[in-house]
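Since the structure comes first, as structure tokens, the remarks are kept for the end.
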Amino acid sequence: MLVEVRPVARLRSPTPVDVAAALGPVFDGLAAGEVDLSRVRIVCDWLQYKNNFRNVVDVRALCPAPPTGLGPPARGEQVDGIEVAVDLRRAPDADLRALTAAALHLSTSDSPAGVPLEDWCAGSGSCIWDFNGLYWRALDRWEKATGRAYEQALPGGESDARNLAGVREIISALLDNCDRLDERRAFPDELYVLELGVGNGNQAKVWLDEFRRMDAARGTEYHRRLHYLMCDYSPYVLEMARATVADHLEHVSSFVLDATQPLAALSFLQYKVFLVYISNVYDNLPTDEVAHLGGRTYLNQVRAYLPHAAAGALADRVGAGATEVPAVLGKLLKLGPELASEAMPLQLPTVDDAVEFWRQAWAELRLAERYVPIGGLDLYQVAPDVDGEMLRPFLESGEDIRMHVNNGTVASFVDTLRLLHPYGKLISHDLFVTDVGAYRTGFKGPGKYEGSVVCWLNGPLLAHIGRRMGYDVQYAPFSHRTGTNIVTMTAQARD
Amino acid sequence: MRPVPLPLLPTTVIGSYSVPDWLERLKTDYHRGRLSGTQLESVHEVAIKAAIKDQEIAGIDIVTDGELRRDNDIDYILSRLPGVQIDGPAKSFYYDYYQAEVVSGLPVDEPATVGLADDFEFARRQTGRLLKVSFTGPFSLSRRLHDRHYGGQRDLVLALARVLHSEAAGLAAVGATMIQIDEPFLAGYPDDVALAVEAINVVTKDVDAEWGLHVCYGNRYARPSWEGHYDFLFPAVLDANVDQLLLEFARKGYQDLEVVARGGWDRKLGLGVVDVKSRRVEPPELIESRIRRAADVLGPRNLIVNPDCGLRHLPADIARAKLGGMVAAGAAVRAELLLDAPAAAPVDASPVTVPAGSAAGDGTG
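Here it is in structure tokens:
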């Protein structure tokens, strides 16, 4: 039996986590069952997200081959072993012996832990990303229901993208770059700046105001050539952003686009964009997780479900049986609260009812997990044009690891690099893991943040992929606010 | 200079061929010390045979070894030159450039050391087709070589040219009849064309072969390194002792055909007809229209049909499809031209002949 304790820093904190107290009852719970104890891994995490997708104790099967059925491995079906995951943050208040025994029983039982909302799938294919998408599409509805705007929910009360000192630093570097090209008569007629994920447009406004002011102060005339492209997933958000930058509209264009494939809308800008600005977008894009355990590489598969009690409560709310809840929810995720209310007047008589149903389901949603072996890294697709070979350096060390692939981010990043002018720069502020070893010492998501999914980003993987494409990718702590986890990533061409 | 008899609209590749993921991985493993040089050489030989076979199946008239032994366009030559020091030979990606510096004089009038003749002889045993050898020219090599000896760009470029001349002479001695110099950095330094041409003429001097010069806008990591137009080449390039000028058009458009015509280029032109930076496979009809347009501007007799640049960054299936489309388009336009040709002035449509000593002919490898 292997025991992996990840939040090691908390063993020495002023209020140290009591691993011994947690492990004893887990051992007892395991010993009471029939599981082959020599094939058990116990993984202790400390889930910093108050709202997340896990139970205090979860059990995951390590499958020797992709299971034939969609449920847990059938009785008699071989597994390589099981992983018992324990959340040390919630452990002191829980009956870990009973929870372990129950989770163990469920992992081998034919009846699932709750009402499943989907089949087993890679993490990036889970319906949690449909919830995430709905949150951004219907942000106004969510904000109305909670009574607070998204930015107020952020740790600093505002997006780091609006930090004035940070914006000035970026513009100053851009203007220096323009000067260098201008001296060589190589500065093009258009100065394209691209922002992916514009939110309410405040970042764009700060940036445009400062650019105009700094350009005028330097006596250069780059502002005349400026084209600021605001891009967002949501037409509603873009309209809000356009209103915010009303003073600059002659220099602003807006595009509705999926952040995971910017080239789909912007291919005409290939190799032309001088600055790409992305703040708090990447952590919100679909991701798989892969693991290297005991010398074998696995894809972490998930299945979203609602615990029986929660499904029952939701069913009562819509006057249906618990088994009908997934269908109602599926329709709601597809249509959004307004149309869903129109389409299902009996179950969701008002838009507010639809929003409450959505929010309650989101709060209760859990992810069951299992590990399925990957037959060959080249067969695993990280993103279009990027196969699993890119993961090899991180998985081949021989040490056990479980890490994010950040498929949506990789797709977005690779596409965006193709937009960059040879002297262009991509800047992103986000939650980057800058050392793969951090996956062995802390929980990096996914968690729930309001109605969205939040997931840290595998910085070394992005750097590796960028490097393979001929870009230097650097990480530095966000230097304009203390006490933040935000890291600044910059990517620019080398050679 | 020995012009090689070619059919109308012969097809060729620029040099490099698709590098499969597994080969990339093994090359990188070699640089990290996890694969021996002996094993890597064996892998290279298998990959080269496959690359040549792919080109043959596609119907390419003038094939290459795909440059599959080379990590990139620079390191293979620089790392084999006496007088060049490599800073830290380990690479995290095989495709990375070494940091190279010249610390003592490069060899003068000494036998070739890079091994291009050996590479040619190996490839020649694999094919009965006309085989072209390409290597990076002295100007581009100089841009990746830190000078701690010569004290001036011109002296360094010419010293490199003399080394490459020895390589070229060695190639001709073992039967190479078509040799191409690549200058992928030249477009970034348009003011230096005269120096580049001077150096090219040092390389080609008294080497009995048909010579080509390839100038593109860069293909590092499948993206352009420079932008602009080919007018910077003229009139200096007219002084280059080469028979072919092979240029990039498909990605940039064909406006520069007029630049070439206006510049007075009356020798063979290698016409880039497929974009190697895009995975979209061009339909043959599109390629045909590109060839026709070039034929209208420059006449068909001196046209060679080729990709914009090396195929290194394309997956093999895409590379094969692009080459197939290129060959089909060339054949279609050739057939049109032959039908249209007046009897009094027949267009040469004879198949490629393999000059004596250029191919083993058994193709067994």
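Sequences listed follow chains A and B, in order.
Just so it is clear: in the first sequence, position 362 is 1559 by the numbering used here, and no numbers are missing.
Just so it is clear: in the second sequence, position 149 is 150 by the numbering used here, and no numbers are missing.
Note that beta-carbon positions come from the ideal geometry of N, C-alpha and C, so glycine has one too.
With a minimum length of 3 residues, the unbroken runs of beta strand (DSSP E) contained wholly in the region 49-120 of chain B fall at 85-88, 100-103.
At a cut-off of 9 Å, the C-beta of B:S226 has a neighbouring C-beta in chain A. Sequence-distant Cβ neighbours of A:A1551 in its own chain, meaning closer than 7 Å and more than five residues away, are L1529, P1534, A1537, S1538, L1545. Residues of chain B whose Cβ lies closer than 7 Å to the Cβ of A:P1619 are, in chain order, S226. About 4 Å separates the beta carbon of B:A317 from that of B:S19, a gap short enough to meet the 8 Å contact definition.
Counting along the chain, A:C1375 sits inside the alpha helix (DSSP H) bounded by residues 1361-1380. For B:T137, the secondary structure class from DSSP, reduced to helix, strand or coil, is strand. In this structure A:A1580 is not in contact with A:V1630, their Cβ atoms being roughly 18 Å apart against a cut-off of 8 Å.
Comparing C-alpha distances from A:A1262 to each of A:L1511, A:R1493, A:P1432 shows the shortest one belongs to A:R1493. In the DSSP assignment, A:A1443 falls outside any beta strand (DSSP E) and carries neither an H nor an E. With a contact defined as Cβ atoms closer than 8 Å, A:T1305 and A:G1226 miss out at about 14 Å. With contacts defined by Cβ atoms closer than 9 Å, B:I305 and B:L340 do not form a contacting pair.
Considered as a whole, the region 145-194 of chain B harbours 146-148, 179-183 as its complete beta strand (DSSP E) runs of no fewer than 3 residues, in chain order. For A:Y1389, the nearest beta carbon of chain B is not closer than 9 Å to its own beta carbon. Annotated as distal: B:L24 and B:I292, with beta-carbon spacing of 9 Å or more. Interface annotation, B:S93: in contact with chain A, CB-CB separation under 9 Å.
At a Cβ-Cβ threshold of 9 Å, B:L248 and B:V277 do not count as neighbours.
For the region 98-132 of chain B, residues whose beta-carbon sits nearer than 9 Å to a beta-carbon of chain A comprise Y98. Separation of the CB atoms of A:L1614 and A:A1688 is rounded to 7 Å, and the pair is thereby assigned contact status at 8 Å.
For A:N1329, the secondary structure class from DSSP, reduced to helix, strand or coil, is helix. Contact annotation: A:V1453 and A:E1392 have beta-carbon atoms that are not nearer than 9 Å. Residues of the region 211-244 of chain B with a Cβ closer than 7 Å to any Cβ of chain A, in chain order: R221, Y222, R224, P225, S226.
Going by beta carbons, B:A91 and B:G34 fall inside the 9 Å limit. Residue pairing of B:K269 in beta bridges, as defined by DSSP: B:Q245. Around the beta carbon of A:I1475, 16 or more other beta carbons lie within 10 angstroms, which makes this residue buried. Minimum Cα-Cα distance from A:A1229 among the listed residues A:G1278, A:R1294, A:V1240, A:R1287 corresponds to A:R1294. For A:G1595, there is no enclosing alpha helix (DSSP H), since its DSSP letter is neither H nor E.
Close partners of B:R26 in chain A (Cβ separation under 8 Å): E1586, R1589. The C-beta of B:Q56 has 16 or more other C-beta atoms within 10 Å across all chains shown, which makes the residue buried.
With respect to chain A, the C-beta atom of B:D207 has no partner C-beta closer than 9 Å.
Minimum Cα-Cα distance from A:L1592 among the listed residues A:W1326, A:L1532, A:G1491 corresponds to A:G1491.
In this structure A:V1442 touches A:A1401 by the C-beta definition: roughly 5 Å separates them, less than 8 Å.
With a threshold of 9 Å between beta carbons, A:G1492 makes no contact with chain B.
For A:P1213, there is no enclosing beta strand (DSSP E), as DSSP marks it with neither H nor E. Interface flag for A:A1690 against chain B is set, since a Cβ pair is found closer than 9 Å. Closest in alpha carbon position to A:R1334, among A:Y1389, A:A1310, A:L1532, A:V1205, is A:L1532.
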